[in-house]
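Enquirer: Here it is, the structure in full.
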Ligand SMILES: [Fe+2]
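What follows is the structure in structure tokens.
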């Protein structure tokens, strides 16, 4: 069970790094970027602490944690990640000669 949770955390970590790199590449507004990075950090910190607790025996099962993290990722995906996707889509369809293009 811990291995499944570790896979979920590894996937999230890779996904977060990719997104954070992408936000820089598309010049995502700093306020939105900071919020995204803060949520990523919260997820990482929370999940690492719970795994440590499990390894020390302070948590009996990781099942509730796994469910919580999966739900968190889903909500993050339909929230902040969706806003980033919309931003990128809007940037890609903006005419090249529109105000703000290539800035
Ligand atoms: Fe994200």
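In my numbering, the protein residues as written are 49 to 151.
Cβ coordinates follow ideal geometry from the N, Cα and C atoms, glycine included.
For the 8 angstroms Cβ check, are there 3 or more pairs between the region 68 to 80 and the region 103 to 117?
Expert: At 8 angstroms Cβ cutoff, the stretches do not touch.
Enquirer: Is it the case that the Cβ atoms of residue 126 and residue 74 are separated by a distance below 8 angstroms?
Expert: In the chain shown, counting from the first residue as 1, residue 126 sits at position 78. In the chain shown, counting from the first residue as 1, residue 74 sits at position 26. No, the pair does not count as a contact, with Cβ atoms beyond the cut-off.
Enquirer: Could you tell me which uninterrupted alpha helix (DSSP H) segments, each at least 4 residues in length, are contained entirely in the region 58 to 143, listed from first to last along the chain?
Expert: With a minimum length of 4 residues, the continuous alpha helix (DSSP H) runs that stay inside the region 58 to 143 are 78 to 104, 111 to 124, 130 to 141.
Enquirer: Would you mind stating whether residue 238 and residue 71 have Cβ atoms separated by less than 8 angstroms?
Expert: What is shown of the chain runs 49 to 151, which leaves residue 238 out entirely.
Enquirer: Measure the beta-carbon distance from residue 63 to residue 87 and round it to whole angstroms, keeping in mind my assumption that it falls under 8 angstroms.
Expert: Within the chain shown, residue 63 is the residue found at index 15, counting from 1. Within the chain shown, residue 87 is the residue found at index 39, counting from 1. That pair is no contact at about 12 angstroms.
Enquirer: Verify the contact flag: residue 59, CB atom, against every heavy atom of ligand 1, threshold strictly below 7 angstroms.
Expert: Mapped onto the chain shown, residue 59 falls at position 11. Residue 59: no, Cβ never under 7 angstroms from ligand 1.
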